[in-house]
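Residues in the sequence shown are numbered from 62 upward in steps of one, following our numbering.
Where is the CB? At the ideal position from N, CA and C, for every residue including glycine.
See below for the structure under consideration.
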Amino acid sequence: MPNAAKSGNLYVKSFFAASVPAAMEQARRELGADALLLNSREAPAEARHLGEYEVVFGAWPELQFATPAAPVATAAPPVPAPAPAAPAPPSQAEEVQHRVHEIRQIVGRFRPAAPPRVSGELSVADTLIHSGVDTELAQDIERGVRRRLVKPSVLDIARPHGAGSPEVQAATVSELASRVEVRPEIGRITALVGPTGSGKTTTLVKLAVSECLRQGHPVRLISADNLRIGGAEQLRTYANILGVPFQAVESTVALAQAIDSTPANTWLLIDTPGFSAALLDDLGAELCTFLSRRQDIDTHVVLTASTDRAGRAHITDRFSRFRPGKLIFTRLDEASSTATVFCEAARTRMPLSFLCHGQSVPEDLAPASKELIVDSLVRQLPLSLQAVA
Numbered sequence: 062m063p064n065a066a067k068s069g070n071l072y073v074k075s076f077f078a079a080s081v082p083a084a085m086e087q088a089r090r091e092l093g094a095d096a097l098l099l100n101s102r103e104a105p106a107e108a109r110h111l112g113e114y115e116v117v118f119g120a121w122p123e124l125q126f127a128t129p130a131a132p133v134a135t136a137a138p139p140v141p142a143p144a145p146a147a148p149a150p151p152s153q154a155e156e157v158q159h160r161v162h163e164i165r166q167i168v169g170r171f172r173p174a175a176p177p178r179v180s181g182e183l184s185v186a187d188t189l190i191h192s193g194v195d196t197e198l199a200q201d202i203e204r205g206v207r208r209r210l211v212k213p214s215v216l217d218i219a220r221p222h223g224a225g226s227p228e229v230q231a232a233t234v235s236e237l238a239s240r241v242e243v244r245p246e247i248g249r250i251t252a253l254v255g256p257t258g259s260g261k262t263t264t265l266v267k268l269a270v271s272e273c274l275r276q277g278h279p280v281r282l283i284s285a286d287n288l289r290i291g292g293a294e295q296l297r298t299y300a301n302i303l304g305v306p307f308q309a310v311e312s313t314v315a316l317a318q319a320i321d322s323t324p325a326n327t328w329l330l331i332d333t334p335g336f337s338a339a340l341l342d343d344l345g346a347e348l349c350t351f352l353s354r355r356q357d358i359d360t361h362v363v364l365t366a367s368t369d370r371a372g373r374a375h376i377t378d379r380f381s382r383f384r385p386g387k388l389i390f391t392r393l394d395e396a397s398s399t400a401t402v403f404c405e406a407a408r409t410r411m412p413l414s415f416l417c418h419g420q421s422v423p424e425d426l427a428p429a430s431k432e433l434i435v436d437s438l439v440r441q442l443p444l445s446l447q448a449v450a
């Protein structure tokens, strides 16, 4: 629906429609192909009933230059007075310059004043770095936000895109979410690997309760931790409490036999030793080869969210030899944000399966979600960006 106004020699008209292209088509049908696009934006609240979007076009009327009337002759003029010279029409350059000036004046009336910049305001990259995100990744995220702000459709030339604008807010959250993948599930045969103290055994029990017993699946627990004295006893105790079968294996041959002898309707959860780099090359090499070759085993790497930036990549890369398919993070209650979780998931492009935020079984286990991870990071950003969390 159109809405017209006049300014000087420029005829200005607003067109409202359900989309910007529809409004533009309506404008060009009425004003012609030479009409000038002055602005496009979402319709203001008071005009939303006319259409979701507003485009403003300007059109120039045909310029008419009057020819002065010829002087009337008299019977006997004493001395004919020369006719006054007609004013020269403006040159093409002057006409263009005049039109540009008028367009700038009109567009200026549509443009709201830019919000004042807060002194010392940090950029998205700066605040992500401050919250624990790796510098290179944070800067790449900011570049991604800028790319998202470049729209293939008509650019809104009258609306500023400040740090607190809805466009930047949405682009930041979308960019963060696009960097991580979540897959909160386990396979029928699942193994947990990871460093000593990462919480593998406790996490395994949480999964047995929440993903197996509560779902009505029979479950069997296996410990392959033959490195520590009594390494299998903690899991044996949990199995007795839960009332589920338990088996400790001393070799990969015994592990293979245990897997093959498990009924097809029973879920099998396997605990493994915490290998250091040296032990993985020595005592862990056989188990590493076994798990990496078994495509029927869903292997998750268990890491702690409180691990420093220098150590987490080294640990993940060490256990990549097991060919894991997912990441689990524990001790989120000890971390100030989800920066470690976010960075490692973004770096490895490995899906996150579950997040643990305490020792309680099974309450302190949550399916991984993008909202949980992004929300923690957004809360570290300037107040202007928090509204979309």
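Mark residue i as exposed unless 16 or more other C-beta atoms lie within 10 angstroms of its C-beta, in which case mark it buried.
i	result
Ser398	buried
Arg373	buried
Leu216	At Leu216, the pLDDT of 40 sits below 50, so the modelled position is not reliable and the matter cannot be decided from this model.
Leu296	buried
Glu311	exposed
Arg379	buried
Thr263	buried
Ser75	buried
Ser115	The displayed chain sequence assigns Glu, not Ser, to residue 115. Result: buried.
Ala94	exposed
Val73	buried
Ala186	buried
Asp343	exposed
Thr298	exposed
Ala339	exposed
Would the beta-carbon of residue i fall within 8 Å of that of residue j?
i	j	result
Thr257	Gly345	no
Val452	Val422	With the chain represented from 62 up to 450, any question about residue 452 goes unanswered, as that position is not in the structure.
Leu316	Thr323	no
Leu198	Val229	no
Thr368	Thr333	no
Ala325	Ala309	no
His365	Ser259	The residue you asked about is not His; residue 365 is Thr in the sequence shown. Yes, they are a contact pair.
Arg370	Asp195	yes
Val234	Val439	yes
Leu274	Leu303	yes
Pro279	Thr327	yes
Using only alpha-carbon positions, find the residue among the options that is nearest to residue i.
i	options	result
Ala231	Ile247, Leu296, His110, Arg207	Arg207
Asn100	Arg354, Glu395, Val81	Val81
Arg427	Leu268, Ser259, Glu236	Contrary to the premise, residue 427 reads as Ala rather than Arg in this sequence. Nearest of Leu268, Ser259, Glu236 to Ala427, Cα basis: Leu268.
Lys387	Val363, Arg373, Thr298, Ile376	Val363
Ala96	Glu107, Leu253, Val117	Val117
Arg355	Ala104, Ile320, Leu274	Ile320
Ala252	Asp359, Ala106, Thr377	Asp359
Val254	Pro385, Leu288, His375	Pro385
Thr377	Phe415, Ser337, Gln87	Ser337
Cys417	Arg410, His361, Asp425	Asp425
Val305	Gly291, Val270, Asn287	Val270
His361	Leu92, Glu86, Lys261	Lys261
Met411	Ser239, Glu103, Gly291	Ser239
Under the assumption that residue i contacts residue j (Cβ atoms under 8 Å), give the Cβ distance between them as a whole number of angstroms.
i	j	result
Phe77	Ala108	6 Å
Leu413	Ala396	In fact, because the Cβ distance is near 14 Å, the residues do not count as touching under 8 Å.
Ala79	Gly119	In fact, because the Cβ distance is near 23 Å, the residues do not count as touching under 8 Å.
Gly205	Glu236	4 Å
Glu347	Thr313	5 Å
Ile250	Asp357	6 Å
If we cut at 8 Å on Cβ distances, does residue i have a partner in chain B?
i	result
Glu228	Of the protein chains in this structure there is only one, and it is not chain B.
Q) Three or more C-beta pairs closer than 8 Å, one from the region 428–440 and one from the region 399–407: is that the case here? A) yes
| query | Taking three-plus beta-carbon pairs below 8 Å as touching, is the region 375–391 in contact with the region 269–285? | reply | no
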